[in-house]
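Q:
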Amino acid sequence: MRKTQNKKSNVPNTYSQIHIHLVFAVKFRRALILPQWKNRLHMYMTGIIQNNGHKLVQINSMPDHLHILIGYKMHQAIPALVQNLKSESTKWINRMGLSKETFAWQKGYGAFSYCKRDLSYVIRYIQNQELRHKKESFLGEYVKMLESFEVDYNPEYLFNELI
């Protein structure tokens, strides 16, 4: 049995272990996240996650999208967390002048839950994005994720700004 003596839950006798893999894209799936500053973006987003009371497990990005695996705490709704991540990182990228054009995230996101025993797989999956995308597009990857989780989706609306 594992006990924590100094950490208090917001609600007595409420415990959880939830891991969420978040995926979202740059607006219009444009390749705006550059290698020169992507690690700074990861550190900034890590700070947002931690300031919201969650734990970053793994983060990686490609020029057109981002993957984040977090230890999720139930005090905040997932949409509120994603909104905070997107809005604060957008402001930071634009304020720092990191992108040659105005940066924005695409509307929408994917949120997929994993059990603890699958974390090493998900961590490697996120770490190996560069290798994966030598063979597969982001959209192809995302559709596979939706299908493997049996998520109903309309292909017309997959990260499409026209919605």
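Residues 1 to 163 in UniProt numbering are what the sequence shown lists, from first letter to last. Think of the CB as a built atom: it goes at the ideal place given N, C-alpha and C, for glycine as much as any other residue. Here the structure is a predicted model, which means the values were calculated and not measured.
Can you tell me which of the three DSSP states Ile49 falls into?
A: Taking the first residue of the sequence shown as position 1, residue 49 is located at position 49. Of the three classes helix, strand and coil, the one that applies to Ile49 here is helix, per DSSP.
Q: Enumerate in chain order the residues of its own chain whose CB-to-CB distance from Leu146 is below 6 angstroms, with the five nearest sequence positions on each side excluded.
A: Taking the first residue of the sequence shown as position 1, residue 146 is located at position 146. Tyr153, listed in sequence order.
Q: Would you call the segment 15–30 and the segment 100–112 in contact, with 3 or more CB pairs under 8 angstroms?
A: Yes, since at least three Cβ pairs between the segment 15–30 and the segment 100–112 fall closer than 8 angstroms, the two stretches touch.
Q: Excluding the 5 residues preceding and the 5 following Asp64 in the sequence, name in chain order all residues of the same chain whose CB lies nearer than 8 angstroms to its CB.
A: Counting from 1 along the sequence shown, the entry for residue 64 is found at position 64. Counting only Cβ-Cβ distances below 8 angstroms, and skipping sequence neighbours, we find Ala25, Val26, Arg29, Arg30, Ala31, Leu32, Ile33, Phe138.
Q: If you drop the 5 nearest sequence neighbours on each side, which residues of the same chain put their C-beta closer than 6 angstroms to that of Phe112?
A: As a first step, residue 112 must be located in the sequence shown, where it is residue number 112. His21, Phe149, listed in sequence order.
Q: In whole angstroms, what is the alpha-carbon distance linking Ile93 and Thr46?
A: Within the sequence shown, the letter at position 93 stands for residue 93. Within the sequence shown, the letter at position 46 stands for residue 46. Straight-line Cα distance between these residues: approximately 14 angstroms.
Q: How close, in whole Å, do the beta carbons of Lys73 and Gly53 come, if the pair is a contact with beta carbons under 8 angstroms?
A: As a working note, residue 73 is residue 73 in the sequence shown. As a working note, residue 53 is residue 53 in the sequence shown. Yes, they are in contact, since the Cβ atoms of Lys73 and Gly53 sit about 5 angstroms apart, within 8 angstroms.
Q: Could you have a look at Lys134 and say whether DSSP puts it in helix, strand or coil?
A: Taking the sequence shown and counting its residues from 1, one reaches residue 134 at position 134. If DSSP states are grouped into helix, strand and coil, Lys134 belongs with the helices.
Q: So what's Gln127 in DSSP terms, helix, strand or just coil?
A: In the sequence shown, residue 127 corresponds to position 127, counting from 1. Helix at Gln127.
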